[in-house]
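Line by line, the protein sequences give chains A, B and C.
For the first sequence, counting from 1, position 589 maps to 589 in this note's numbering; every step adds exactly one.
For the second sequence, counting from 1, position 313 maps to 313 in this note's numbering; every step adds exactly one.
For the third sequence, counting from 1, position 596 maps to 596 in this note's numbering; every step adds exactly one.
For glycine and all other residues, C-beta sits at the position ideal for the given N, C-alpha and C.
Note that the structure is a prediction, hence the values are computed from the model and not measured.
Reviewing the structure listed below.
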Amino acid sequence: MPGLGEVTRGRVLFGGDYNPEQWPEEIWHEDVRLMREAGVTTVTVGVFSWARLEPHPGAREFGWLDRLMDLLHHNGVGVALATPTSAPPPWMGRLHPETLPRDEDGHIEWWGGRQHFSHSSAVYRRHAAAITEDLAARYAAHPALTLWHINNEYCTFDHGDEAAAAFRRWLRERYGTLDALNTAWGTAFWGQVHDSWDGILPPRRAHYLKNPAQLLDFRRFTSDMLLECYTAERDIVRRHTPHIPVTTNFMPLWTGQDGWAWAEQEDIVSVDLYPDPRDPLAAQHGALVQDLTRSQARGPWMLMEQAAGAVSWRGVNHPKPAGLNRLWSFQAVARGADAVCYFQWRQSRQGAEKFHSGMVGHAGERGRTFQEVTRIGAELAALGPEVAGSEVTAEVAVLHDWHSWWAGTQDGRPSREVDHPALLHAWHRALWESRLTTAFAHPEHDLSGYRLVVAPAAYLLTDAAIENLLAYVRDGGTLVSGFLCGVVDEDDRVRPGGMDARLRALFGIETLHEWWPLEAGESVVCEGPHGGFRGTLWSEELRTRPEAVAARYRGGELDGLPAVSRQGRAWYLSTLPEPEALRELLAGIAAEAGVRPVLEGLPDGVEAVRRGKLLFVLHHGREPVTVAVPGTHRELLTGETVRDSLTLGRYGVAVLRS
Amino acid sequence: MPGLGEVTRGRVLFGGDYNPEQWPEEIWHEDVRLMREAGVTTVTVGVFSWARLEPHPGAREFGWLDRLMDLLHHNGVGVALATPTSAPPPWMGRLHPETLPRDEDGHIEWWGGRQHFSHSSAVYRRHAAAITEDLAARYAAHPALTLWHINNEYCTFDHGDEAAAAFRRWLRERYGTLDALNTAWGTAFWGQVHDSWDGILPPRRAHYLKNPAQLLDFRRFTSDMLLECYTAERDIVRRHTPHIPVTTNFMPLWTGQDGWAWAEQEDIVSVDLYPDPRDPLAAQHGALVQDLTRSQARGPWMLMEQAAGAVSWRGVNHPKPAGLNRLWSFQAVARGADAVCYFQWRQSRQGAEKFHSGMVGHAGERGRTFQEVTRIGAELAALGPEVAGSEVTAEVAVLHDWHSWWAGTQDGRPSREVDHPALLHAWHRALWESRLTTAFAHPEHDLSGYRLVVAPAAYLLTDAAIENLLAYVRDGGTLVSGFLCGVVDEDDRVRPGGMDARLRALFGIETLHEWWPLEAGESVVCEGPHGGFRGTLWSEELRTRPEAVAARYRGGELDGLPAVSRQGRAWYLSTLPEPEALRELLAGIAAEAGVRPVLEGLPDGVEAVRRGKLLFVLHHGREPVTVAVPGTHRELLTGETVRDSLTLGRYGVAVLRS
Amino acid sequence: MPGLGEVTRGRVLFGGDYNPEQWPEEIWHEDVRLMREAGVTTVTVGVFSWARLEPHPGAREFGWLDRLMDLLHHNGVGVALATPTSAPPPWMGRLHPETLPRDEDGHIEWWGGRQHFSHSSAVYRRHAAAITEDLAARYAAHPALTLWHINNEYCTFDHGDEAAAAFRRWLRERYGTLDALNTAWGTAFWGQVHDSWDGILPPRRAHYLKNPAQLLDFRRFTSDMLLECYTAERDIVRRHTPHIPVTTNFMPLWTGQDGWAWAEQEDIVSVDLYPDPRDPLAAQHGALVQDLTRSQARGPWMLMEQAAGAVSWRGVNHPKPAGLNRLWSFQAVARGADAVCYFQWRQSRQGAEKFHSGMVGHAGERGRTFQEVTRIGAELAALGPEVAGSEVTAEVAVLHDWHSWWAGTQDGRPSREVDHPALLHAWHRALWESRLTTAFAHPEHDLSGYRLVVAPAAYLLTDAAIENLLAYVRDGGTLVSGFLCGVVDEDDRVRPGGMDARLRALFGIETLHEWWPLEAGESVVCEGPHGGFRGTLWSEELRTRPEAVAARYRGGELDGLPAVSRQGRAWYLSTLPEPEALRELLAGIAAEAGVRPVLEGLPDGVEAVRRGKLLFVLHHGREPVTVAVPGTHRELLTGETVRDSLTLGRYGVAVLRS
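Right, dumping it as structure tokens:
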């Protein structure tokens, strides 16, 4: 299979979504002039072009796209050609209303925006295949074609009748018999035993709580249906162009797709990333998404979309202050990106996203935003040969599984304050602030390459996952788990004792009496061998083996009971330590496991990552800082020599080669 | 009619909901072993078994239930056998979609959870009657059968077409003619005069406010329809087993049912009670529900459901700290319960409530929860003969009428801050903290047995109720009313003057100029003969007879106007005094009326209740306290002799016999 | 055309909505007795009488109305006769369900309340025309008939199928061709190009954001459809009574109607005004609505509805303290009202608004409310000849355009904190507190009569509007604009540069790099020639001509950049100064432009307005104040002579003639 390396050929790709159908053709020539000026290598074309390509059912209008592809090619710009299937033309819904999705209340999601298609609709899929087929056939040999971009941000749900039928087929395949389904779903509870496949529905509005296993399977089904849509189109374009890699752009930590399963079906993993410039933890959020995406890709990946300035979907949309676009672009490269792209090239004047920034904003080429884009393009062009294709290695892994998220996020759980992504963020932050480069892993992945594995939110663990973790510790790995670990099996069935017995044995836990979730803002005092700290969000009434107590609760109802247990290299945290405490705890355990930070003694807000032979130093603050970088290096952006120490200005970036 | 005494036969029942269909039969034997260990006398079986009993329409599968009933009987456990009609099997909705309820927007409430039946559906009712008939016939003579438990927590609404037709029939019966309905509903307002019965609908979504009398009648209709469902099943089982009492479990202060009317149709009144362990007023909330339930039962009652630990439907679900389950169980007995039961016996591993605690929790028999359950069972077994069947007497009554709640809770009222149950809680709390044992009564009940009657929220009063209150005071009773008393008649029609003229005369009020509701958090200063206090929630611009002024507003727009009026034994409070002030006011009025607290000089957080010949002393705090109990008593739980004083530890309970 | 003068004939009208169908006829006689006592000149009759007039389809029952009209006439009370078309009888929806509107999710808005009609329904319109025709024919010659009141508070939306067809017709008329529509709507974005008129829908529920131009046009369409309903009925009554003026009552600053376009279709402009007695800015809110209504009317106007006491639709509904009803009534007269009317005459005992106050409240004629009403009636009767028909002149205009509001209020904009009416309020407040009498104007109106024009929220400006503003400044006018000025054209299409180039030139702006909206509660420091101030809500990264800088940002990312630009008589504020700063800034600019306050040196909370030859002084506080009024005047309410100074008590009013 072709991969990202076939596209980059020693470069870091630079560009963005380009929607020329919004502009008169005379602007296209202005566009390519500015693309050359900005060092654009690649643009994504056609994401929302279905109505333009097929204005009436069965019509084909490729002329404008022919001219555009030629123009881009003649100007040295490659094309990530998109199948336009995320936004069917209005005629689709008008002539085939059954292609429109329905929400859980039965409301139709009408056309006029985007993603108004049912993933289960045979009619939609047939039309999507046809336009994909013709697009692929027409441009298979076009020299501008660089990459296939399938659909866009797959993310829809459907509770309608065709989806219900598809759900039944999917369940029949999963379970074989109704008995097996009834067992897996625990329909004996509340007497919801199914006597017919026809009685099974998507989780539509109900009087009260729904079946949690049905909800979980509906998530799995939805991810699989969308993946079927993706692979159907992928297979068509592959047939025409086996040498051209295929991707679809993920949303970061998006709940709707099983990201591990999806990544396996892609030649290139790409992601859209929009941190809030005002979020004080935006840099860590970016790092997390980048680490996750790189782990999904098992190597270099594409930043398919970011914003050159403000987005338009938050309550208040802040622009990027001078330098931030550049800093975050280099952060992506440092963490493995071989492509830095934007939505979108030229800011729209009309439509729902006209206030979303562009590489060329409303202010045009004289605007600060475009000036900064031009600088980034030039720097990436220079840096490309040094970095493209190289790897980021990590000795620490964070476990994450979408299925566990889906199962653990339902109503009727012990605490609605517990949020899967918030836990991932809290634990990743502790590692990031400790300057430990981390990967993400599925609990069933081979973990033998990591010295330290942390499990912030492993509520659902399959038997295979549990055996994998046991083997990992047995073979010398260090495992640190947060609370609610191995509570349920793959059917969301609570394991006897409220936590898998093998895991309890691993952590030295004898009895888990009760969960004691905490209110928002509440905390409990804990005391460990190195002093006290506060736990938040959760606590537990636990009996452990006496020698396994690593910290105890102090005061309150749990006074004297174990807060943290440790047995050998297996740790269990029955609360969420406050950020500083979690950082110290994990840094200490990491050190014990032989993991060293990328750089020692870094000032606050400075991030360091090694990629291949390069050391990236990124300064997320506004006041100049001096950073110790022992040895002699060449700073690649300035070409200067750096000896032992380096000063970074506001949002400064250094790329050092020793 | 048979009653609770036929079931208890000198015991306090102990047990819980038992759902064996969720477990393999080998677990059943484990269950009965543990039931014996815990002193379980009674379990509720079959609440959600419809799909198991009738897996296909018309099928009957009783074999498993036969075996279970035999097993329980052989182990000395009686059965409260439930009709399974609160959760129809999936085939019901699939084959008869018209049985599914619709909300006010027309959304269907689908199967897959529970209570997905329209109370008005003829098809549902026919199927419910058939399974009830067969269940009753089969187990009429079974020796384990102790009690019938009809359906579960009736609570649904339906705005669909069959409900609309039933609503019309109900209205035709209530009003006879359209003219009468138009008059009662005041349809002249906004020109909504009905010219045809066919034009009358449930209160579905409208552009703006709906007709308040229609809303009120829809509440009445809903309560009556659900009651018809109940009585239909009750009559069937009664026909088979005239000697076996019948109940259905209420939710505490649930808005949907007219609790007074329902209680009259039950042989035993039972309730489900789930205070929040974190609520500082949880003990008072429990007392209130227990007092109300006892008043509905006019004697001993059943605590049908409580939680051994945490529930799972709050945002954050706290477990019960050690001792709390026992304390609250004894509180129920003290206030008249002859049964202490739980939802549920064994905590589920699957389904929507798998995180709701059980008597046997996920931690199993070694868990703290089960250990505590076992202690409670043993203590109740010992105490049973001393207490079962005995009465709690009260000299104080709190007026409460569901119809008044329904009428007073609509949009378009003077203040959305005014909340019927919150007012009941505030006034009951003042009495509870004064150690006055209280009953609840409907405003039309015979009140002659009470020295003091309080009316916290008597917004709607019928003429009969008003005459009843006048007679009560005339005959020597003391009446204290909160604001918004007698504002409307039974059609929610405002009485001239904004308050019934007879009541104004009773309280010495001449003119009610304006209501001055207060914002949340706002208060007004009042000054009475014994000092100042703060009023909250409400105030009024009132003119009273000069000699009727018992307290005045100070400052603000109402400066100098009457805040509390008193004429003889009739008091009117035009504001809600802060808790301490209301407590002092009511305690003083009670003393004047000759009502004494159960015990004098009790420390904070200690509750005392007399039941029959026993004095229960309950300590709701965690630090030990000493309580004066003049005289010599035998403490029944320890068997020790108590002279004049008693020390109670954390969550301590004492049961004294003099 | 007849106008308000034909009705007032030297009086200030006084009265309210009168709904006699809610009362037995014996009460009518009581009503007219009290009306005479209160000085009522005019009542509005029939607003909700359709079901009474046409109880069955096609029936006509005018007898009761005949008797009522006669009774009123014989008691000297004129009638504003309403078409009853805002509340169709229940039979309309029952027999013609297609007349019921649907919300964007497809939910039906059922009958039983009011306004349950689709503005696009041919059946509704036909029935509305028929009843209007017959009503007009019957009462054309009745001597009580004074005024036509069409419908009531037009405000509905409809997303159903008949509305969809009407929307298509409206769009076809606006755009002629699909190409033109696709261009105006920018459907190239997200590939929503319409290939058929049949594919165009109202903006129903979608997966994500909708097309902003579609949303804007749907607002325009809705306003136009409702206006068609109005003009259809107006034309019918005009045909019968060309000499009787016609109005419909607006809701203040209601978003759903283009108030400028509507006012042109009325003989009399009338408004409903319900400030919250607890709102500390209620007086300014009243002034704003009154200024806007007077500007729409281009002269005297009617206060069609206010409350004598509390309303019933807020969370907590406060009554009017003694004196406030009178103060606000005179404020309306001061600002141009020739009619002071209420909803409603007699407070209802039933229905959804039974807690909305009346001129005769629940407390009846002895209630404080009615006593105050009687005083107001008498004073207005005395004052009428002095004031009726006279004009209020203003040298300052505030620009306001509903289309700009509609366009600027959609999702996907830079900041959801930016709120069109809040901006109007903030700027009007600055002028009101500076005692500058202001008018409102549309950006395309002739502005030559104003010395100062302010544009708080001119997000959308047509080319004509821009040329109008340029000409206004060119001809000597002073223009002060808030941020987001001229951002889009009439299709909500962003103008190149993010702000119209002509406007940038006018204000001396060279490049608008980025918008920097602020979070709620956030502020930025600015520094002008006269000191520092804080800006809120918004800031901008702007380059202006150096000499155009009137204030600069200090600190933060925008340090040193222009905050306020000024070029000649054109000012641009890129932030919203805090209230005091905005007041000082505008007062200074006004002074420079030659605009003087009505009175100098007024104490806080005292308002002064000149109307005709009279000077109204209104005291919105509760403590007595002394006001300097140079010269000798006659105070018309007391008849006393005032020399140079005047003392006003709580909520005091003085009307001075020099």
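Next on the checklist: Residues in the same chain with beta-carbon distance under 8 Å from C/ILE236, minus the five sequence neighbours each way, listed in chain order, please.
Outcome noted: Only ALA129, THR132, GLU133, ALA136 meet the Cβ criterion.
Next on the checklist: Run through chain C and tell me which residues come within less than 8 Å of B/TRP516, C-beta to C-beta.
Outcome noted: Going along chain C in sequence order, the residues near B/TRP516 (Cβ under 8 Å) are HIS318, PRO319.
Item to check | Spatial distance of B/ALA591 from B/VAL454 (CA atoms) | outcome: Looking at the two C-alpha atoms, the distance is approximately 14 Å.
Checklist entry - Taking the alpha carbon of B/GLY336 as the point to measure from, which residue in B/PHE616, B/ASP279, B/GLU98 has its own alpha carbon closest? => result For B/GLY336, the nearest C-alpha among the options comes from B/PHE616.
Next on the checklist: Between the alpha carbons of A/TRP170 and A/ASP198, how many angstroms are there, rounded?
Outcome noted: A/TRP170 and A/ASP198: Cα-Cα distance of roughly 13 Å.
Next on the checklist: Along the region 294–323 of chain A, where does the CB come closer than 9 Å to a CB of chain C? Name the residues.
Outcome noted: Residues GLY309, ALA310, SER312, TRP313, ARG314, GLY315, VAL316, ASN317, HIS318, PRO319, LYS320, PRO321, ALA322.
Item to check | Cutoff 8 Å: C/PRO202 Cβ touching any chain B Cβ | outcome: Judged by the 8 Å Cβ criterion, C/PRO202 is not in contact with chain B.
Checklist entry - Can you find a CB in chain B that lies within less than 8 Å of the CB of A/LEU209? => result Judged by the 8 Å Cβ criterion, A/LEU209 is in contact with chain B.
Item to check | the region 555–573 of chain A contacting the region 527–542 of chain A, beta-carbon criterion three pairs below 8 Å | outcome: Short answer: they touch.
Item to check | Cα-Cα separation between B/ALA59 and A/LEU178, rounded to whole angstroms | outcome: A straight line joining the alpha-carbon of B/ALA59 with that of A/LEU178 spans about 18 Å.
Item to check | Where C/ALA654 sits in the DSSP three-state scheme | outcome: Looking at C/ALA654 - three-state DSSP - the assignment turns out to be strand.
Checklist entry - Any idea what DSSP makes of B/PHE218, helix, strand or coil? => result The three-state secondary structure of B/PHE218, taken from DSSP, is helix.
Item to check | For C/ALA422 and B/ALA457, the rounded distance between their alpha carbons | outcome: Spanning the two alpha carbons is a distance of roughly 39 Å.
Checklist entry - Taking Cβ positions, are C/ALA352 and B/TRP571 nearer each other than 8 Å? => result Taking a C-beta distance under 8 Å as the contact criterion, C/ALA352 and B/TRP571 do not qualify as a contact pair.
Checklist entry - Does the distance from the CB of B/VAL289 to the CB of B/LEU327 come in under 8 Å? => result Taking the C-beta atoms as reference points, B/LEU327 is found no nearer than 8 Å to B/VAL289.
Checklist entry - DSSP state of B/GLN567, grouped into three classes? => result Judged by DSSP in its simplified three-state form, B/GLN567 adopts strand.
Item to check | Check whether A/THR99 and A/TYR139 have beta carbons under 8 Å apart | outcome: A/THR99 places its beta carbon 8 Å or farther from that of A/TYR139.
Checklist entry - How many angstroms separate the CA atom of A/TRP313 from the CA atom of C/ASP411? => result Taking the Cα positions, A/TRP313 is about 7 Å away from C/ASP411.
Next on the checklist: Please tell me whether B/VAL43 and B/VAL77 are closer than 8 Å, where the distance is taken between their beta carbons.
Outcome noted: Yes, Cβ-Cβ distance for B/VAL43 and B/VAL77 is below 8 Å.
Next on the checklist: Quick check on the burial criterion: 16 or more other C-beta atoms within 10 angstroms. Buried or exposed for B/ASP446?
Outcome noted: Around the beta carbon of B/ASP446, a 10 Å sphere encloses fewer than 16 other beta carbons of the protein chains shown; the residue is thus reported as exposed.
Checklist entry - Closest Cβ-Cβ distance between C/GLU266 and chain B: below 8 Å? => result Between C/GLU266 and chain B, the shortest Cβ-Cβ separation is not below 8 Å.
Next on the checklist: Taking CB distances under 8 Å as the criterion, tell me whether C/LYS613 reaches chain B.
Outcome noted: No, because no Cβ of chain B sits closer than 8 Å to the Cβ of C/LYS613.
Checklist entry - Whose CA, out of B/GLY594, B/THR638, B/GLY113, B/SER86, lies closest to the CA of B/LEU383? => result Among B/GLY594, B/THR638, B/GLY113, B/SER86, the Cα nearest to that of B/LEU383 belongs to B/THR638.
Checklist entry - Can at least three beta-carbon pairs, one atom from the region 242–250 of chain B and one from the region 274–282 of chain B, be found at a separation below 8 Å? => result Counting C-beta pairs closer than 8 Å gives fewer than three between the region 242–250 of chain B and the region 274–282 of chain B, which falls short of the contact rule.
Item to check | Proximity winner among A/THR156, A/LEU503, A/ALA407, A/SER415, relative to A/VAL480 (alpha-carbon distances) | outcome: Distance from the Cα of A/VAL480 is smallest, within the candidate group A/THR156, A/LEU503, A/ALA407, A/SER415, for A/LEU503.
Next on the checklist: So, with DSSP's three-state summary, where would you put C/ASP17?
Outcome noted: Looking at C/ASP17 - three-state DSSP - the assignment turns out to be strand.
Checklist entry - Looking at C/HIS149 and C/ASN19, is the spacing between their C-beta atoms short of 8 Å? => result Inclusion of C/ASN19 and C/HIS149 in the CB contact set at 8 Å is not warranted, their separation being larger than that value.
Item to check | chain A contact residues for C/GLY78, given Cβ-Cβ distances below 9 Å | outcome: Ordered by position in chain A, no residue passes the 9 Å Cβ test against C/GLY78, which lies about 49 Å from the chain.
Checklist entry - Under 9 Å Cβ-Cβ, which residues of chain C neighbour A/PHE48? => result Near A/PHE48 (Cβ distances below 9 Å), the residues of chain C are ALA188, PHE189, TRP190, GLY191, GLN192.
Checklist entry - Just reading off the alpha helix (DSSP H) that B/PRO90 is part of, what are its end residues? => result Residue range 90–95 is occupied by the alpha helix (DSSP H) that includes B/PRO90.
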